[in-house]
Amino acid sequence: GAGVSQSPSNKVTEKGKDVELRCDPISGHTALYWYRQSLGQGLEFLIYFQGNSAPDKSGLPSDRFSAERTGGSVSTLTIQRTQQEDSAVYLCASSQGTGKAYEQYFGPGTRLTVT
Amino acid sequence: AQRVTQPEKLLSVFKGAPVELKCNYSYSGSPELFWYVQYSRQRLQLLLRHISRESIKGFTADLNKGETSFHLKKPFAQEEDSAMYYCALERFNKFYFGSGTKLNVKP
């Protein structure tokens, strides 16, 4: 079946604008993760959703970042009032559950450039 | 705080040579560690995980709690092993990644 998909693949926006990044997980996967990868850095955990539980938002870097997951499937990461330091590749991953026992399947990422 | 360090940004070896990609972590509990790989123009994918004690594509990784390391090793590198490799630590359902090592296997 189809893997994790993300859209758009590339997004260029002006500083101060809001952006929405979308993630479609693998069907049936209850867990969904968002990561940010800045140039030359590792993946930085942002947020994860597990089933109907409240999301773990502990990695969101500021209140300009928010995410939601509708119907336990598609997720949207929103960045308000974008700043240049938000430029990065945003990766989404889904898995059958959370934690060490479950393999994460990654999407291709969205490359965000804030000018 | 959890931290994963991969000291080498780039590692170049010749085909057939042994390869070791270093990973050190800082975590006071019992860590769960992973190696992820990203081949050119492909997605990030799981290579192996500590809990499975597995060998994938000839790679192995041993957890050394005394040295807080989880180095990835392969006795004979192949050109198709050229990729970015990321070490990751899981704690409370969250994953912490190192900055990655680019492995270049020369013919």
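Residue numbers (our numbering), protein chains in the order written: chain A, 1112 to 1226; chain B, 73 to 179.
Ideal placement from N, C-alpha and C gives every residue a C-beta, glycine not left out.
Note that the structure is a prediction, hence the values are computed from the model and not measured.
- Using 8 Å as the threshold, is the region 1147-1166 of chain A in touch with the region 1175-1195 of chain A, meaning 3 or more CB pairs across them? Yes, they touch.
Just to confirm my understanding: we take F148/B, look at its own chain, exclude 5 residues before and 5 after, and list those with CB closer than 6 Å. What are they? The beta carbon of F148/B is closer than 6 Å to those of G88 in its chain, skipping five residues each way along the sequence.
inquiry  = Cutting at 6 Å between CB atoms, please list the residues of its own chain near D1129/A, excluding the five before and the five after it.
reply    = Around D1129/A: Q1191.
With distances taken between CB atoms, is the gap from L144/B to L120/B smaller than 9 Å?
yes
Since I believe K146/B is in contact with V91/B (beta carbons under 8 Å), could you give me their beta-carbon distance rounded to a whole number of angstroms?
5 Å
*Under the three-state reduction of DSSP, which class applies to S1205/A: helix, strand or coil?*
strand
Q) Excluding sequence positions up to five away, which residues of its chain have a Cβ less than 6 Å from the Cβ of Q1215/A? A) A1204 and S1206
Self-check item: Neighbour list for K166/B in chain A, Cβ cutoff strictly below 8 Å
Solution: F1156, Y1159, D1167, S1169 and G1170
Might you give, ordered along the chain, the residues of its own chain that have their beta carbon closer than 7 Å to the beta carbon of V76/B, omitting 5 neighbours on each side? C95, Y97, C159, A160, L161, Y168, F169 and G170
| message | For E126/B and L116/B, what's the separation of their Cα atoms in angstroms? | response | 19 Å
* Would you report the Cα separation of R1228/A and E1196/A, rounded to the nearest angstrom? -> With chain A represented from 1112 up to 1226, any question about residue 1228/A goes unanswered, as that position is not in the structure.
Please work out which residues of its chain come closer than 6 Å, Cβ to Cβ, to P1136/A, disregarding the five sequence neighbours upstream and downstream, and give them in chain order. V1115, L1143 and S1205
*Looking only at its own chain, which residues have a Cβ that is under 6 Å from the Cβ of G1127/A, when we skip the five neighbours before and after it?*
R1192
What is the DSSP secondary structure of H1140/A, reduced to helix, strand or coil? coil
| query | What does D153/B pair with, by DSSP beta-bridge criteria? | reply | Paired residues: none, contrary to the question.
- Task: Could you pull out every residue in the same chain whose Cβ sits closer than 6 Å to the Cβ of T1189/A, ignoring the five residues on either side in sequence?
- Result: Closer than 6 Å at the Cβ level, and outside the excluded window around T1189/A, lie E1131 and S1177.
State the Cα-Cα distance for the pair Y157/B and S141/B, rounded to the nearest angstrom. 15 Å
- Task: Find the nearest neighbour of I123/B within the set F131/B, E151/B, Q150/B and P103/B, judged by alpha-carbon distance.
- Result: P103/B
Exercise. Buried or exposed: which applies to V1123/A, given that a residue is buried once 16 or more other Cβ atoms fall within 10 Å of its Cβ?
Worked result: exposed
Check: Does the beta-carbon distance from V1225/A to S1198/A come in below 9 Å?
Finding: yes
For S112/B, count the other beta carbons within 10 Å of its own beta carbon; 16 or more makes it buried, fewer makes it exposed. Which is it?
exposed
message = Please report the straight-line C-alpha distance between Q1117/A and K174/B, rounded to a whole angstrom.
response = 25 Å
Helix, strand or coil for E1196/A per DSSP? helix
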